[in-house]
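The listed protein sequences correspond, in order, to chains B and R.
Count along the first sequence from 1, add 2, and you get the number used in the working numbering.
Count along the second sequence from 1, add 567, and you get the number used in the working numbering.
Beta carbons: idealized from backbone N, C-alpha and C, even for Gly.
What follows is a set of notes on a single structure, which appears directly below.
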Amino acid sequence: MIRRPSKRELRGFAWGLVATTTSTLLSFAVQPFGAHLTDMMMIHLLGVVLVAMRYSLGVSLLTAFMAVASFDYFFIPPVFQFALPDLKYIITFVAMIVIAGVISMLNERLRREQAAARRSEAATMTLYRLSQDLASVARLDQLLAVGARQIEHTFAAEARVLLWDAADAPDPHDRIDLSAEELTMARRAWTHCERVLDRRAGRARLWQPLIGSHRPVGVLGLRFTEGRELPDQDDLRVLEGCAAQLAGAIERISLGTAVQSARLEVETERLRNALLSTVSHDLKTPLAAIIAAGSTLGTNHATLDAATRAELTGTIVESAERLDAVITNLLSATRLESGIIQLTFSMESLEELIGAALSHFSDRLGDRPVHIDVPSHLPLVRVDAQLIELVLSNLLENALRYTPENTALHISAGTSEDGAFVRLADEGPGILADEQEKVFEKFYRGSVARKNDGGAGLGLMICRAALRAHGGRILARERAGGGASLEFFLPTVAERAPALGLEPEGPRPQPRLLTKDQISA
Amino acid sequence: MSQAQASIQQTTVLIIEDELQVRRALRAALRTESYLVVEAASAIEGLERLTVKTPHLVLLDLGLPDMDGIEVTRKIREQSNVPIIVVSVRGDETNQVDALDSGANDYITKPVREAEFLARIRAVLRNGDQAKGSSVLVTGALRADAAQQRVWVNSEEVVLTPLQFRLLYVLMEDAGRVVTHRRLLQRVWGVAHLGQVEYLRVYVSQLRAKIERSPARPKFLVTAPGIGYRLKVTD
């Protein structure tokens with residue numbers, strides 16, 4: 003074990019010399035004051051101990067020997083020559099050397115333990131930081147990037163995380179910059195669940211399998227920089243910790259995705275079933291009526307009386323129109339849901355929209371009293387006319403369907419602090435308080451609707467989606483005096499109705515002309 | 568009505584529609600009013616028939632497979648001034664407006680009930696009945712005198728501002744038929760204000776407030792959603 007002494011050792015040796023010299027001088031200094039040999043021995047011992055506290059065993063022992071030699075030479079008679087001392091001095095010398103050795107060893111152990119503690123702390127920090135980074139990641143590709151980055155930083159190497167799916171098939175992405183050889187080794191690490199080391203070709207490589215709760219989820223590959231050694235035992239332990247965390251995070255994300263898609267599937271299935279059952283019912287019912295009435299008319303045309311014939315043809319037409327309405331609603335609902343509908347906004351008059359909806363239903367309204375309370379100078383609202391008409395149609399449809407034939411309908415409109423509103427109230431059975439929110443859900447049929455064989459439950463859902471698209475809202479309430487009151491609110495443009503300065507209107511002051519930009523704002 | 572019936576006896580209607588079932592239904596409806604029906608199943612065939620048969624009215628489906636409806640309208644207009652009613656599905660308003668602006672006289676949205684269908688046809692055919700150049704128009708309960716700028720509803724005079732009068736008059740000139748926003752703006756305000764439908768809405772609202780008993784359920788001034796306005800004729 004003869005090797006070149008390190009710088010530190012040389013320094014230690016130098017200090018050893020200094021300590022010995024100082025001890026000797028100090029001893030000479032106290033000699034005239036009646037100090038015994040034992041006292042001077044203590045001074046030398048002190049010097050040796052001071053050196054032993056800082057330097058290695060070799061240096062300490064050497065210093066001890068120097069001290070002993072110096073003491074022997076300078077103080078033990080015969081003075082100023084090396085002579086083998088008496089037994090009592092030999093014991094002292096041996097003791098001094100042993101003490102120096104022990105102290106030095108203790109110190110070394112302490113230093114080693116300190117170093118180990120520091121390394122351990124660094125390892126913990128690494129794992130902690132890694133776990134923090136990984137915890138916030140929700141996507142697999144982000145995970146790989148974040149994890150790799152932290153590991154690269156800690157181990158001063160290039161890192162790659164390779165994922166394999168359940169089968170052996172390697173996942174194609176991210177393999178591009180690996181050589182065939184590297185791929186083979188990575189694969190080996192994966193199949194055998196064992197770390198694979200590679201020291202050839204100038205750069206050290208390492209493949210650490212990432213093992214999840216049941217099975218390996220991937221492999222972590224490290225490519226160290228030129229000249230660096232493979233990590234030692236302690237570092238490897240840290241690496242294993244990182245690998246475990248990575249594996250855990252990968253599993254967590256895969257599970258999360260799996261749960262998400264499962265949930266989505268269940269929901270889709272539920273809606274699909276609801277849709278199928280309601281659709282088939284609401285489409286088939288009017289169709290059945292049409293076929294029945296049509297075939298009766300066809301076979302018995304000559305023998306039926308005029309009134310019956312009129313009734314049957316009436317059934318055919320009404321059922322067909324009902325079918326049309328259901329299909330329109332289904333299409334609208336689908337389009338609204340998938341966001342296909344592109345809204346075209348224009349400034350419209352609520353009075354006009356209400357009028358259009360009412361005229362559409364004029365036949366079905368028949369002799370019903372319809373009370374209209376729409377002030378004449380309502381500001382125009384910026385809406386998609388077709389969509390708002392659809393809303394009004396659906397509201398009217400519901401009112402007509404779920405209230406007795408001769409009860410009145412009340413339509414009002416106006417402005418409030420929540421915007422422009424339209425209210426349609428009826429005098430029918432109304433909507434129960436706990437259903438007032440639920441009726442807007444897809445396919446929800448309230449207790450009243452379920453009693454009367456009614457529509458698919460899409461109408462109000464469409465209304466809500468349409469209002470939302472306008473930044474407005476719709477709600478159901480109880481009408482004072484009985485019945486249901488459906489009201490919707492639309493945000494108004496800040497300007498009032500454009501009073502057009504194209505002609506003076508009697509005593510009114512000249513209104514200003516709105517420019518095109520102001521109107522379309 | 569017998570005078571009208573006599574003239575209808577000779578009336579030929581050309582149906583240009585590719586779906587057999589629809590043609591059948593239209594034919595049956597038209598025959599109840601004793602119209603003479605000529606059919607074509609494609610645009611090319613339709614244009615051909617137009618030249619040969621010179622119908623009094625053309626019913627044109629906008630969804631023909633071999634040519635765009637607007638183009639057919641234009642081609643028909645190149646040849647003749649025959650009244651055209653375009654037929655298409657709900658939701659196709661842009662096409663309908665374009666067709667109306669390209670020369671069609673009115674539109675029908677499928678599905679439509681027979682009564683409405685026949686009423687539209689009668690309205691379009693009545694185009695020639697209003698004596699041209701006469702300053703007094705009478706449409707149902709409305710009577711308007713252009714020379715004096717006065718209007719009576721059910722024999723009661725209603726005071727209108729000049730622009731309101733003009734708006735009503737323009738609609739009465741085309742009574743029963745739809746007038747597009749564009750045409751209204753053009754005829755009442757001039758070309759400069761073509762894009763500003765809001766103007767129209769406000770004035771229509773004012774007009775309704777004056778001539779309708781229940782402005783929210785108009786009997787005369789009816790909205791054709793997304794397209795324009797129509798003065799309804801009850802007969």
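Ile778/R is the residue among Arg689/R, Leu735/R and Ile778/R whose C-alpha sits nearest the C-alpha of Ser722/R.
The stretch 661-673 of chain R and the stretch 718-736 of chain R do not touch, with fewer than three beta-carbon pairs separated by less than 8 Å. For the set Val725/R, Leu626/R and Leu603/R, the Cα lying nearest the Cα of Gln715/R is the one of Val725/R. When the beta-carbon positions are compared, Asp234/B and Ala118/B stay at least 9 Å from each other.
The continuous beta strand (DSSP E) containing Tyr674/R extends over residues Asp673 to Lys677. Bridge partners of Gly757/R according to DSSP: none are assigned. Assigned with DSSP and collapsed to three states, Ser772/R falls in helix. For a Cβ distance threshold of 7 Å, residue set Ala783, Arg784, Pro785 and Thr790 of chain R lies close to Gly357/B, ordered along the chain. About 11 Å separates the CB atoms of Ala188/B and Leu212/B; that is not less than 8 Å, and the two are not in contact. Chain-order list of chain R residues neighbouring Ile374/B: Ser781, Ala783 and Arg784, by C-beta distance under 8 Å. Separation of Leu266/B and His283/B (C-alpha to C-alpha, rounded to the nearest whole angstrom) is 26 Å. Look at Tyr602/R here: in three-state DSSP terms it is coil, with no helix or strand label. In the three-state DSSP reduction, Arg207/B falls in the strand class (E or B). Around the CB of Thr22/B, 16 or more other CB atoms lie within 10 Å, so the residue is classed as buried. When Cβ-Cβ separations below 9 Å define contact, Ala776/R makes contact with chain B.
Ile318/B and Gln753/R have their C-alpha atoms spaced approximately 43 Å apart. Contact annotation: Phe442/B and Leu492/B have beta-carbon atoms that are not nearer than 9 Å. Restricting attention to beta strand (DSSP E) runs no shorter than 3 residues, the stretch 324-407 of chain B encloses them at 348-350, 372-375 and 383-385, ordered along the chain. Between the beta-carbon of Leu129/B and that of Gly214/B there is about 17 Å, and that puts the pair past the 8 Å contact cut. When C-alpha distances from Leu709/R are compared across Ala592/R, Arg744/R, Ile583/R and Lys799/R, the shortest belongs to Lys799/R. Counting along the chain, Thr579/R sits inside the beta strand (DSSP E) bounded by residues Thr579 to Ile583. Here Gly613/R has Ile583 and Ala607 as same chain residues with Cβ atoms under 6 Å from its own Cβ, once five neighbours each way along the sequence are excluded. If you check the CB distance, Leu355/B and Leu397/B do not come in under 9 Å.
Burial is judged here by how many other beta carbons sit within 10 angstroms of a residue's own beta carbon; Asn408/B has fewer than 16 and is exposed. Proximity of Gln388/B to chain R, defined by a Cβ-Cβ separation below 9 Å, is satisfied. Within the stretch 109-180 of chain B, the complete alpha helix (DSSP H) segments at least 4 residues long are 142-157, listed from N- to C-terminus. His155/B and Leu132/B have their C-alpha atoms some 11 Å from each other. Chain R has no Cβ within less than 9 Å of the Cβ of Ser138/B. Collapsing the DSSP output to three states places Arg470/B in a helix. For Thr706/R, the enclosing beta strand (DSSP E) begins and ends at Val703 to Thr706. Of all residues in the stretch 308-336 of chain B, only Val319, Ala322, Glu323, Asp326 and Thr330 come within less than 8 Å of chain R when Cβ atoms are compared, listed by chain position. Using a CB distance below 9 Å, the part of the stretch 744-765 of chain R facing chain B consists of Trp756, His760, Gly762, Gln763, Val764 and Glu765, ordered along the chain. Val745/R sits close to Gly795/R, with the two beta carbons spaced by under 9 Å.
If you look at Ile652/R, you'll find it in the beta strand (DSSP E) that goes Ile651 to Val656. No Cβ of chain B is located within less than 9 Å of the beta carbon of Gln663/R. With contacts defined by Cβ atoms closer than 9 Å, Leu392/B and Leu352/B do not form a contacting pair.
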